[in-house]
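> Here the sequence shown stands for residues -22 to -1, 1 to 319, where the numbers follow mature numbering (1 follows the signal peptide of the UniProt record, and there is no 0). Don't be surprised by glycine CBs; every beta carbon is placed ideally from N, CA and C.
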Amino acid sequence: MDGMRIRYLLISFVLSLPAAQAQQRAQYSQYMLNPLVLNPAVSGLEDFIDLKAGYRNQWAGWQGAPKTFYLTAHGALNKADRTSTLPVRDPYGRPYQRSRVFPSQPAAPSHHGVGATLLRDETGPSSRTSLQVSYALHLPLTNRIKVATGVSMGFTQHTLDFDLLHVLEPNDPVIQQGKLNTFVPELNAGVLLYDPNFYVGFSASQLFFKKLDYGQTGTSDYEWLGRLYNHYFLTAGYRFELDPDWALVPSVLVKSVRPLSLSFDINAKISYQDRIWMGLSYRHQDAIVGLIGFNVNYKLNIGYSYDFTQSSVRTVSRGTHEIVVGLMFNNRQRLVCPRIF
């Protein structure tokens, strides 16, 4: 067995998981609950410190399928506390549970936001561990609408574990033993336009477009194993108040990354008294997703989703599970439901 045979084995693995490998970034069914994983401009959006932990087990039952764990936190700096300017009750007579802005109120001043993301993503013999910090500036356009621009920077460790590869001749001396590691810098940027009822965001990640080098020098035999591609995300959503108790929130996510064709998610969730919500999502040529969540109180919220796989992967997969747990610290207004997301 020679180097070409090793390449054949690795290429076979990559082709067996086209979506996971070509997209490179982790996929999320509940991105609308934690948009910081897609757009650094979200940093500091809320009036509290937003801490979230998520776990995604994609294509359960398929050995080597993607598994993702992340921990994010973000909050605002020097953001004006507008609690005293809000009416005690909303137009429906309910006590306020969300931050609101009224036409008679002056525009809120600009503010800053900071955040951090820790992520671990595994797919077969390959994995990546990423640590990033983010910053955003939120500027008022009107008394209701703000625009935020943000960046995140950090580094990612990419690992290829040859011990997890199944080969015909494992004792062949040509085969690399153990793990190959490489560190790469990360740069992501985004913009977000929002008010209390809608948002539109655009972001780009992996802006350092480069080839991975798993060797000791730039001439490594394993340099061909990976190339990082730019990823682009467009998100939008709107909140419709159906009556004093019910609200409908449709949203959309459009993703672009070469060499894949353009893909999109269409979602809709309905909430009752901002406490319980459920929804459906359609991911183009991939899955139908069921979602459910609970805003337990002004400190804790939980979301769960299950992907009913529609692609050819369904013959070997038992679907995808994803859970997100959120904690809200220093929530002075005791908001049960985050303002937009």
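What's the gap between the Cα of R310 and the Cα of L23?
Working through the sequence shown from its first residue, we reach residue 310 at position 332. Working through the sequence shown from its first residue, we reach residue 23 at position 45. Their Cα atoms are separated by approximately 15 Å.
> If contact is defined by three or more beta carbon pairs under 8 Å, each pair taking one atom from either stretch, is the stretch 224 to 232 in contact with the stretch 205 to 215?
Cβ pair count under 8 Å is three or more, so yes.
> Closest to V267 by C-alpha separation, out of K247, D223, L16, D252, would be which residue?
Residue 267 sits at position 289 when you count from the first residue of the sequence shown. When only C-alpha atoms are compared, the closest one is K247.
> Go ahead and label Q263 buried or exposed: buried means 16 or more other beta carbons lie within 10 angstroms of its beta carbon, across all protein chains shown.
Mapped onto the sequence shown, residue 263 falls at position 285. With fewer than 16 Cβ atoms within 10 Å of its Cβ, Q263 is classed as exposed.
> In the DSSP output, which residue or residues are listed as bridge partners for S7?
One-based indexing of the sequence shown puts residue 7 at position 29. Paired residue(s): none; S7 is not in a bridge.
> Does the beta-carbon distance from S259 to S7 come in below 9 Å?
As a position in the sequence shown, residue 259 is number 281, starting the count at 1. As a position in the sequence shown, residue 7 is number 29, starting the count at 1. Taking 9 Å as the Cβ cut-off, S259 and S7 qualify as a contacting pair.
> For I254, which residues in the same chain have their Cβ closer than 7 Å to its Cβ, ignoring the five residues on either side in sequence?
Taking the first residue of the sequence shown as position 1, residue 254 is located at position 276. For I254, where only same-chain residues beyond five positions count, the Cβ hits under 7 Å are F272.
> Pick helix, strand or coil for W202, following the three-state DSSP scheme.
Here residue 202 is taken as the residue at index 224 of the sequence shown, counted from 1. Any reading at W202 must be qualified, since the residue scores a pLDDT of 47, below 50, and its modelled position is unreliable; the value itself is stated next. Three-state result, W202: helix.
> Going by Cα to Cα distance, which pick from G93, V235, M131 is closest to V20?
Counted from its first residue, the sequence shown places residue 20 at position 42. With distances taken between Cα atoms, V20 lies closest to G93.
> Give the range of the beta strand (DSSP E) segment to which R312 is assigned.
Numbered from 1 along the sequence shown, position 334 holds the residue referred to as residue 312. Element bounds for R312: n/a, residue is neither H nor E.
> What is the DSSP secondary structure of A19, counted as helix, strand or coil?
As a position in the sequence shown, residue 19 is number 41, starting the count at 1. In this structure, A19 counts as helix in the three-state DSSP scheme.
> Just the C-alpha distance for A31 and N121, rounded to the nearest angstrom, thanks.
Residue numbering aside, residue 31 sits at position 53 when the sequence shown is read from its first letter. Residue numbering aside, residue 121 sits at position 143 when the sequence shown is read from its first letter. Straight-line Cα distance between these residues: approximately 33 Å.
> Just to confirm before moving on: does the CB-CB distance between R3 and V162 stay below 9 Å?
Your numbering for residue 3 matches position 25 in the sequence shown. Your numbering for residue 162 matches position 184 in the sequence shown. No, they are not a contact pair.
> Taking the alpha carbon of A54 as the reference point, which residue from S181, F26, D99, Y177 has its own alpha carbon closest?
As a first step, residue 54 must be located in the sequence shown, where it is residue number 76. Among S181, F26, D99, Y177, the Cα nearest to that of A54 is on F26.
> For F186, which three-state DSSP category applies?
Residue 186 sits at position 208 when you count from the first residue of the sequence shown. Three-state DSSP puts F186 in coil, outside helix and strand.
> Could you round the C-beta distance between L170 and Y177 to whole angstroms and report it? I think they count as a contact, below 8 Å.
Against the sequence shown, residue 170 aligns to sequence position 192. Against the sequence shown, residue 177 aligns to sequence position 199. That pair is a contact at about 6 Å.
> Can you give me the start and stop residues for the beta strand (DSSP E) that E24 sits inside?
Taking the sequence shown and counting its residues from 1, the one referred to as residue 24 is at position 46. Where E24 is concerned, there is no enclosing beta strand (DSSP E), given that its DSSP letter is neither H nor E.
> Provide the residue(s) that pair with G102 in DSSP beta bridges, ordered along the chain.
By one-based count along the sequence shown, residue 102 stands at place 124. Beta-bridge pairing links G102 to no other residue.
> Taking C-alpha atoms, which residue in Y282, D28, S108, S241 lies nearest to H299?
Here residue 299 is taken as the residue at index 321 of the sequence shown, counted from 1. Of Y282, D28, S108, S241, the residue nearest in Cα terms is Y282.
> Excluding the 5 residues preceding and the 5 following T107 in the sequence, name in chain order all residues of the same chain whose CB lies nearer than 6 Å to its CB.
Taking the first residue of the sequence shown as position 1, residue 107 is located at position 129. Cβ neighbours of T107 beyond the five flanking positions: R98, Q135.
> For I244 and T46, I'd like the C-alpha separation in whole angstroms.
Mapped onto the sequence shown, residue 244 falls at position 266. Mapped onto the sequence shown, residue 46 falls at position 68. Distance between the alpha carbons of I244 and T46: 22 Å.
> Buried or exposed, going by whether 16 or more other CB atoms sit within 10 Å of the CB of N12?
Numbered from its first residue, the sequence shown carries residue 12 at position 34. That one is buried.
> Which residues mark the beginning and the end of the beta strand (DSSP E) in which T160 is found?
Within the sequence shown, residue 160 is the residue found at index 182, counting from 1. Note, T160: beta strand (DSSP E), 157 to 173.
> Go to residue 323, then tell me how far its beta strand (DSSP E) extends in each direction, as first and last residue.
The requested residue 323 does not occur in the structure, where the chain is confined to residues -22 to 319.
> Please name the residue in L313, G179, R205 whose C-alpha comes closest to that of L190.
As a working note, residue 190 is residue 212 in the sequence shown. Nearest C-alpha to L190: R205.
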